[in-house]
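To keep things clear, I will list the structure first and then write my remarks on it.
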Amino acid sequence: METKILEQSFSTYFNAKPEFIVRAPGRVNLIGEHTDYNDGFVLPMAIDHAVWIGLTPRTDSTVRIRSLDLEVDSAFDLDSLTKGDGWIEYVKGVAYELQKSGYHLRGFDAVMTGDVPRGAGLSSSAAVELATARAFAAVSGFEWDAAQMARVSQKAENEWVGVNCGIMDQMARASQAGYALFLDCRTLEVQHAPLPEKTSVVILDTSTRRGLVDSAYNERRSQCEEAARWYGVKALRDVSVDDLKKGESGLSEIVMKRARHIVTENARVLEAVQVMKAGNVKRLGELFNASHASLRDDFEVTNEALNQIVQCAQEQPSCYGARMTGAGFGGCAVALVQEENAPEFTKAVSAAYRQRSGLDASVYVCKASAGASLI
Ligand code: GLA
72 METKILEQSF STYFNAKPEF IVRAPGRVNL IGEHTDYNDG FVLPMAIDHA VWIGLTPRTD
132 STVRIRSLDL EVDSAFDLDS LTKGDGWIEY VKGVAYELQK SGYHLRGFDA VMTGDVPRGA
192 GLSSSAAVEL ATARAFAAVS GFEWDAAQMA RVSQKAENEW VGVNCGIMDQ MARASQAGYA
252 LFLDCRTLEV QHAPLPEKTS VVILDTSTRR GLVDSAYNER RSQCEEAARW YGVKALRDVS
312 VDDLKKGESG LSEIVMKRAR HIVTENARVL EAVQVMKAGN VKRLGELFNA SHASLRDDFE
372 VTNEALNQIV QCAQEQPSCY GARMTGAGFG GCAVALVQEE NAPEFTKAVS AAYRQRSGLD
432 ASVYVCKASA GASLI
C-alpha cells in the first residue's frame with residue numbers, strides 16, 4: 072500500500088497533510104482453531120494485507136473518518152457515544168472501551184483504507200479495531216501496550232459490536248515480521264515462532280462467505296463450555312488427550328466431538344511449535360491436514376467449498392499440508408508449499424478448484440508482517 076495514496080486522499084478531504092499514518096494487518100491462523108475461547112493455544116501470523124489510517128488530531132472531541140473503500144463519511148462525538156450500524160461501530164467500540172479503561176482521548180480527522188478481504192476469515196474487523204487503537208494512541212499520546220490494546224479491542228467487539236469472539240485475532244497484531252505468534256490464550260504469553268525456510272504460506276480464498284456465523288459460533292462455544300463443566304475443569308484447555316476418552320461415558324455424541332477437536336487441536340499446536348523450531352516442515356504439514364479433518368468431522372465448521380479447496384491443495388505434490396483457517400463456514404484456507412513451486416501451485420489449485428466447484432478462488436502467497444504500527 073502506498074502511503075502516498077492515503078496522503079493524497081487526506082489532503083483532498085481535509086486540505087492538509089496527515090500528521091500520522093498507522094497500520095494494522097490482517098492475520099492468517101496457521102493452526103489452533105476455535106481453541107482461543109477454550110483458554111487454549113493458537114498460532115496466527117500477521118499478513119501483508121492491512122488497514123491504514125491517515126489522521127490529524129483535532130482540538131475537540133469529534134472523530135471524523137472517511138472510508139475510501141466504502142466511500143462513506145462518518146463522524147461521532149467522544150463525549151456522547153451512541154450505538155448505530157456499520158463498520159464505524161468497530162471504531163466507536165474501541166473509543167468507548169478505551170475511555171472506560173481510563174484513557175483520555177482526543178478527536179481526529181482521518182481517512183481509512185485497507186486490503187484485507189472482508190468476511191474471509193482473515194480478521195478484517197480486528198484490523199480496523201487495532202488500527203483505531205493505534206490512531207488514538209498516536210493523537211492522544213499514550214504508550215502502546217499490545218496486550219492491553221488487544222483486550223480493549225476484544226471487549227469492543229464483544230460488548231459494543233456484540234460478537235462473542237476470543238482473543239486470538241486482536242493478539243495476532245502483536246506479531247513480529249518473519250514470525251508466527253504462538254499465544255497461550257489463558258496467560259496471553261507469547262513466543263515468536265520461526266517460519267520454516269524455503270516454504271511459502273499460501274492463502275486460498277474460496278470466495279464463499281460465511282452466513283449466519285454468529286449463532287453457529289456461539290453454539291460451538293456453549294458446547295465447549297458444557298464439556299468443560301462435565302470434565303470439572305475451567306476450560307477444555309485443562310483436559311489432556313489421555314483424559315478425553317472419559318467423556319464418552321457421559322457426554323452426548325455431539326458435545327464429545329466438539330471436545331475431541333479442541334483437546335487434540337491444542338496438542339497439535341504445541342507440537343507445531345516444536346516442529347517449527349526443529350525445521351520439520353513435513354510434520355507441520357501433516358498437523359495442518361489433521362487439523363482440517365478435525366474441523367470438518369468433529370467441530371463441523373467447514374463448508375463444501377473449504378473442503379474442496381483444501382483437497383485441491385493437498386493433492387499438489389509441492390504442498391506439505393492445508394487446512395481451513397479462521398472461524399470457518401466459508402472464507403479462506405491456508406497451505407504450506409515449497410517456495411520454489413509456489414507459482415505453479417497457485418495456478419494448479421485455482422484451476423482444479425474451478426473445475427470441482429465452479430467457483431473462482433483468489434490464491435496468494437503471503438508474508439509474515441509486523442503487527443500494529445505507527446509509520
Ligand atoms: C474467529 C474469532 C476468533 C477465533 C476464530 C476461530 O476468528 O474471532 O476469536 O475463535 O474465529 O479460531
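Under our numbering, the first residue of the sequence shown is numbered 72, with each subsequent residue one higher.
Positions of the beta carbon are idealized from the N, C-alpha and C atoms, including for glycine.
Residue i and residue j: beta carbons closer than 9 angstroms?
i    : j    : result
R137 : D148 : no
R281 : G157 : no
S246 : A117 : yes
V326 : A306 : no
R244 : A197 : yes
V272 : C437 : yes
I446 : T74  : yes
I'd like the list of long-range same chain contacts for residue i, defined as Cβ closer than 7 angstroms, with 5 residues on each side in sequence excluded.
i    : result
D180 : F85, L126, T127, R129, R135
L176 : L149, A166, L169, Q170, F207, S211
A146 : T133, V134, R135
A87  : T127
S82  : K88
Can you give the Cα-Cα distance for residue i and residue j, rounded to whole angstroms?
i    : j    : result
R376 : T277 : For the sequence presented, residue 376 should be read as Ala rather than Arg. If you take the alpha carbons of A376 and T277, they lie about 6 angstroms apart.
N378 : V420 : 13 angstroms
R425 : R367 : 21 angstroms
G442 : D186 : 15 angstroms
Q225 : S440 : 21 angstroms
V346 : Q241 : 25 angstroms
H120 : V182 : 17 angstroms
G233 : E415 : 42 angstroms
G321 : D313 : 16 angstroms
W301 : E78  : 56 angstroms
F359 : T258 : 25 angstroms
A217 : T270 : 28 angstroms
A287 : G350 : 36 angstroms
K357 : E142 : For clarity, residue 357 is Glu in the given sequence; the question names Lys instead. The straight-line gap from Cα to Cα measures roughly 44 angstroms.
V352 : N412 : 15 angstroms
E260 : M239 : 12 angstroms
S428 : I76  : 37 angstroms
S151 : Q382 : 51 angstroms
G399 : N374 : 8 angstroms
Y108 : R291 : 10 angstroms
G155 : L101 : 34 angstroms
S311 : K317 : 11 angstroms
K163 : G97  : 20 angstroms
W231 : L430 : 35 angstroms
R354 : S444 : 33 angstroms
Y174 : A227 : 14 angstroms
W215 : P267 : 30 angstroms
Beta-carbon within less than 6 angstroms of residue i's beta-carbon, same chain only, minus the 5 sequence neighbours each way: which residues are those?
i    : result
Q409 : S389
V434 : L275, T417, V420, S421
T184 : W123, L139, D140
M220 : A204
V344 : F253, A264
N289 : N235
Q262 : F253
Q294 : V326, R329
Q387 : F416, A419
What is the C-beta distance between residue i and residue j, in whole angstroms, given that I count them as a contact (C-beta under 8 angstroms)?
i    : j    : result
R308 : F370 : With 8 angstroms as the limit, R308 and F370 do not qualify as a contact, their Cβ atoms being about 16 angstroms apart.
A384 : A404 : 7 angstroms
P188 : S195 : 7 angstroms
G103 : E296 : At roughly 18 angstroms, the Cβ-Cβ gap does not stay under 8 angstroms, so G103 and E296 are not in contact.
V199 : Y161 : 5 angstroms
D255 : G178 : With 8 angstroms as the limit, D255 and G178 do not qualify as a contact, their Cβ atoms being about 37 angstroms apart.
Looking only at its chain, what residues have a beta carbon closer than 8 angstroms to the beta carbon of residue i, apart from the 5 residues adjacent to it on each side?
i    : result
H332 : H105, S365, L366, D369, F370
G190 : R280, R281, G401, G402
N229 : N235, C236
V223 : V165, E168, L169, S172, A204
S447 : Nothing about residue 447 can be reported from this structure: the residues present for the chain run from 72 to 446 only.
For the ligand SAM, is there a heavy atom less than 8 angstroms away from the beta-carbon of residue i?
i    : result
A191 : In the structure on display, the ligand SAM does not appear, and the ligands it does have are the ligand GLA.
Evaluate contact between the stretch 87 to 100 and the stretch 203 to 214, counting only Cβ atoms and requiring at least three cross-stretch pairs below 8 angstroms. yes
Hey, is the stretch 332 to 351 in contact with the stretch 106 to 115, meaning 3+ C-beta pairs nearer than 8 angstroms? yes
For the 8 angstroms Cβ check, are there 3 or more pairs between the stretch 390 to 402 and the stretch 249 to 262? no
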